[in-house]
């Protein structure tokens, strides 16, 4: 079976190429915003032809989605198995606090890609990333507040960190990000007060 | 100026016609859902020609928007100047409780029109109805919890009642509306606990 052996380096190559293109796209987004991400600009930044970018991602939407998946995966690893307080090893209240700040910063770092890829109303709560976050936050709520309706309260907590809301507050209304972060802590202070007194 | 006098009865007529068409549309929505609202069905239900409906509302989107404005106006009157506890006359915490239940029921009664008319992400927080609700809830939060960031907490409270979220919970996940309503009370119990102990 000569092809199996022959394929292995090609696959590793493809993985490396894909990562290099995503890194180039992420850097373009960081430096010039999501609008700067085009098939051409990513190809140029990565030093490859436009055809290579098309073969990997199809079109610009595919590229943006892959970029979000990539960022999302790093964020998920951090809150599921990364170091505390975002990852496991401290009590649930502290992890909730850390989760909110990390999500706010994650969304701010990628905010225009999130806005460009915002799902339709019908899919807003069913996209996998939202469901993973909800499962995680509901588990922490269940641990921190055993008598709460963790499913509902997790939605409330996540909604207060919604990328479209925070974008509205920070970019349109001129609210500072530290104020939004303080609001997250204040919300948790109020919700966790029973446990702490 | 003969036209000024001549115009008055026409205007009153137009207002009555518009109200009659909106009532017919609202009844169709209640009985058969928003999908049953078409220019033709509303014309037939109100006993007028399709041209009359077109002249008043332009197209189906204009009709849906007018229908929402109509419902929205009634809801706003109720929470701004209606009888307590939704309207003024009781303490802010009790009004917040009543507001959440009233908004949940209002959105459920019109949920498929809201979903059909859901604004784009960029406009979700800037549509007038959302801004009126936010101003109202922020004022109640300021009165009930003077040390809170009322602007932020009002967004959190409103997000927990978001029509797209509640639709996701109730219609897709099979959560009961009473459970969502209990979640609203529980959220306020936790937030207002400092004031009450």
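Protein chains in written order, with UniProt numbering: chain A, 1 to 197; chain B, 1 to 197.
All C-beta atoms in this analysis are idealised placements derived from N, C-alpha and C, irrespective of residue type, glycine included.
Contact between residue 127/A and residue 119/A holds, with the beta-carbon distance rounding to 5 angstroms and staying under 8 angstroms. Setting aside the 5 residues that flank it on each side, residue 18/B is surrounded in the same chain by 56, each with a C-beta closer than 7 angstroms to its C-beta; the list follows chain order. Fewer than three beta-carbon pairs drawn from the segment 181 to 195 of chain A and the segment 162 to 182 of chain B are found closer than 8 angstroms, and the two stretches are therefore not classed as touching.
Here residue 177/B is exposed, its C-beta having fewer than 16 other C-beta atoms within 10 Å. Proximity of residue 153/B to chain A, defined by a Cβ-Cβ separation below 8 angstroms, is satisfied. Listed in chain order, the positions of the segment 171 to 194 of chain B with a beta carbon within less than 8 angstroms of a beta carbon of chain A are 172, 175, 179, 180, 182, 183, 186, 187, 190, 191, 193, 194. Chain A places a beta carbon closer than 8 angstroms to that of residue 118/B, counting this residue as a contact. Residue 104/A and residue 53/A have their C-alpha atoms spaced approximately 30 angstroms apart. The Cβ neighbour count for residue 84/B, taken over all protein chains shown within 10 Å, is under 16; the residue is labelled exposed. Contact between residue 188/A and residue 97/A holds, with the beta-carbon distance rounding to 6 angstroms and staying under 8 angstroms.
When the five nearest sequence neighbours on each side are left out, the beta carbons in the same chain lying within less than 7 angstroms of the beta carbon of residue 41/A are those of 28, in order along the chain. At a cut-off of 8 angstroms, the C-beta of residue 128/B has no neighbouring C-beta in chain A.
Rounded to whole angstroms, the gap between the alpha carbons of residue 62/B and residue 44/B is 18 angstroms.
Chain A places no beta carbon closer than 8 angstroms to that of residue 111/B, leaving this residue out of the contacts. Here residue 47/B carries a coil assignment [DSSP, helix/strand/coil]. It is roughly 32 angstroms from the alpha-carbon of residue 134/B to the alpha-carbon of residue 30/A. The distance from the Cβ of residue 106/B to that of residue 75/B is about 5 angstroms, consistent with a contact at the 8 angstroms cut-off.
Counting only the Cα atoms, residue 142/B lies some 41 angstroms from residue 64/A. Taking a C-beta distance under 8 angstroms as the contact criterion, residue 101/B and residue 184/B qualify as a contact pair. In this structure, the beta-carbon distance from residue 34/A to residue 113/A falls below 8 angstroms. Only residues of its own chain outside the window of five on either side were considered, and among them 138 have a CB closer than 6 angstroms to the CB of residue 151/A, listed in chain order.
Across the structure, residue 148/A and residue 115/A are spaced so that their CA atoms are roughly 32 angstroms apart.
Every unbroken stretch of the alpha helix (DSSP H) spanning 4 or more residues and falling wholly within the segment 44 to 94 of chain B is given here in chain order: 50 to 57, 60 to 81. Interface flag for residue 103/A against chain B is unset, since no Cβ pair is found closer than 8 angstroms. Within 9 angstroms of the CB of residue 164/B, the CB atoms of chain A belong to 121, 122, 124, 125, in sequence order along the chain. Judged by DSSP secondary structure, residue 151/B falls within the alpha helix (DSSP H) whose first and last residues are 150 to 159.
Within the segment 21 to 37 of chain B, no residue places its CB atom closer than 9 angstroms to a CB of chain A.
Less than 8 angstroms separates the beta-carbon of residue 110/A from that of residue 71/A.
Taken through DSSP and simplified to helix, strand or coil, residue 33/B comes out as coil.
With distances taken between CA atoms, residue 69/B lies nearest to 25/B out of 155/B, 92/B, 25/B, 90/B. For residue 98/B, the three-state secondary structure derived from DSSP is helix. Contact annotation, residue 20/A with residue 39/A: C-beta distance approximately 15 angstroms; criterion of less than 8 angstroms not satisfied. In this structure, the beta-carbon distance from residue 86/B to residue 92/B does not fall below 8 angstroms. The C-beta of residue 159/B comes closer than 8 angstroms to at least one C-beta of chain A. Under the three-state reduction of DSSP output, residue 124/B falls in the coil class, being neither helix nor strand.
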